[in-house]
Each structure stands twice: as structure tokens, then as C-alpha cells.
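Numbering (my numbering), first residue to last: 45 to 334.
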């Protein structure tokens, strides 16, 4: 059975383009997930997934370039080994292709339906839309919750870690700036609606554990833009920028509250068509004024 001719057919890719795929609707779900695992894996305030029957999904290239990490007893998380972007998860027992919406090109014809795992929401992120909210999975999913160890705050420091805890770090001092970035690179790099980044002085940052190598990818032709991730679990980690004497910290993986919220939305002229900004944070079509 083929998808309906009227159903949207979209392509998606990782940040570096090594992994590409095609997915056809009708899409049967679209949710924002705030669980700590998604925040750590994507590096964002939340992850947004769209779902469709498996028959509508097709790998175009790079399926063998993905890494799979068992994040729980039943769950696995996939990512590109070259750039760390989250890649689709295919769940045969549910006949479901689960795709990160941030990596799709075009309009899926569906809009977010709910927020899930708001009980694990980042303390620095405020939900301002009117979508239904669920503490864990909504009742119709018929499954239980996901728990993560609680990290005790440390006075004078902000703590963070990757999904598998192989890489941990601490930050002191105040951020130089903070922003939600909606550019297509950030959406692909974080596999999310937008990135939420904090910028700190390099002297205020240090890795406290690094048991596995850190992957690093800089987009060709750009002066600074790049991403870093744990090569074991794919979790986003801070990217050290020695040329700017700064470190770019994805806010999603932080284990303790940084005490600030993103101060602006930037590159909103390039934001995802399916995401609506509903807060009162200042917005800039491109980069903010210097």
C-alpha cells in the first residue's frame, strides 16, 4: 500500500548531510518532549518528533553512518557519527517512524499537539503556549515514565553532563550572552525547533570527566559554527572556541539551573514553519545588533 498522493512527502538530513531520508505522511503525531534524556541528546530545551507509519519511511543515504545508543532498557537513540545530529528511530512493534522535526525540509502539514514529560522540564524554560501538558507520557501511550538521577547543586557552579554521563563539566561565572537560535543550521545540529545556547568565558569552564572522545564538526565555509557531542551516546556537549576565548554551552544538558533564561530569539526569519513563538522574549530576524 502506497501513501496517499495528497500526503506530504518530505526529506530530512543531518547537519553534515551524510545521513538523508524521506518520510511520507499522513503524519499521525507531533509532540514536544521535555524529558531529560531528550534534552541531553538534542542539547535543546525540548525535542520535537513527528510520527508516521513505517511504510512511509525510506533511507536515502548514510544508514550505515549512524550510531545507536541504548538509553534505557527498551529505548535506543540514533545519531550521525560525523556531526552528532539525531537521526530517525524506527519502532517496528508500533509500526512507527519517529523523526526529529528539526531535520525536516518543508511543511509536514501537522502542528505540535502536546508537551510530554513536563515534569522533567528544564527549570530555565517556560511553556507559554496553550497545548496540553503531560507530566510523563500521555495516558493513550500506555507506557510508564523515564527517570534520571538527580544531580545535587553545587554552590557557585553550574553542572552539566552528556546522556551516558561519560562527559561531565562545570561552569562558574555568568554567561556572556544567551539566545534561542532558529537558523536552519541550529535546527539540524540540535535536531529541534531551535537551539538554546549560553556563551561563557573559557576560563569559567572546565570538563570534570571525559571518559570517551568528544566529536566535533564545523560546517564548511563558516567562521565559527560547529557542534560537539559525546561519541558514545550522541549527547550534546559544550564546544570550546579558543579563537573567541569562549565556550558555547547547549542549555538542554545542564543538570543544575544556570539562573538565566535565553535573552532573545535570533534568526526567526528562518524558523521552522511548524513552530510558533508565543513568549515575549525579544525577536530578531537575523543576528542581533552588536
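Heads up, the beta-carbon is just placed ideally off N, CA and C, and yes, glycines get one too.
In this text, all values refer to a predicted model and were calculated from it rather than measured experimentally.
Just to confirm, is the Cβ distance from residue i to residue j under 9 Å?
| i | j | result |
| --- | --- | --- |
| residue 233 | residue 129 | yes |
| residue 216 | residue 111 | no |
| residue 73 | residue 95 | yes |
| residue 236 | residue 87 | yes |
| residue 30 | residue 93 | For the chain, the structure presents residues 45 to 334; residue 30 sits outside this window and is missing. |
| residue 77 | residue 160 | yes |
| residue 334 | residue 226 | no |
| residue 125 | residue 280 | no |
| residue 370 | residue 260 | Within the shown structure, residues of the chain are numbered from 45 to 334, placing residue 370 beyond reach of any answer. |
| residue 277 | residue 210 | yes |
I'd like the list of long-range same chain contacts for residue i, defined as Cβ closer than 8 Å, with 5 residues on each side in sequence excluded.
| i | result |
| --- | --- |
| residue 134 | 98, 101, 140, 141 and 142 |
| residue 228 | 314 |
Looking at the strands, I want to know which residues DSSP matches up with residue i.
| i | result |
| --- | --- |
| residue 207 | Its beta-bridge partners do not exist; DSSP assigns none. |
| residue 260 | 272 |
| residue 309 | 224 and 327 |
| residue 292 | 243 and 283 |
| residue 67 | 54 and 101 |
| residue 249 | 215 |
| residue 144 | 93 |
| residue 120 | 114 |
Span of the alpha helix (DSSP H) holding residue i?
| i | result |
| --- | --- |
| residue 230 | 228-234 |
| residue 80 | 80-86 |
Leaving out the 5 sequence neighbours to the left and right, which residues in its chain are closer than 6 Å to residue i when beta-carbon positions are compared?
| i | result |
| --- | --- |
| residue 305 | 168 |
| residue 177 | 159 and 162 |
| residue 105 | 64 |
The beta strand (DSSP E) that contains residue i, what's its start and end?
| i | result |
| --- | --- |
| residue 244 | 239-245 |
In this structure, how does DSSP classify residue i when only helix, strand and coil are distinguished?
| i | result |
| --- | --- |
| residue 286 | helix |
| residue 164 | helix |
| residue 136 | helix |
| residue 107 | helix |
| residue 320 | coil |
| residue 156 | coil |
If you drop the 5 nearest sequence neighbours on each side, which residues of the same chain put their C-beta closer than 7 Å to that of residue i?
| i | result |
| --- | --- |
| residue 285 | 268, 291 and 292 |
| residue 201 | 214, 215 and 216 |
| residue 60 | 124, 126, 127 and 261 |
| residue 155 | 74 and 318 |
When the cut-off is 9 Å and only beta carbons count, does residue i lie next to chain B?
| i | result |
| --- | --- |
| residue 177 | Structure shown: chain B not included; a single protein chain is present. |
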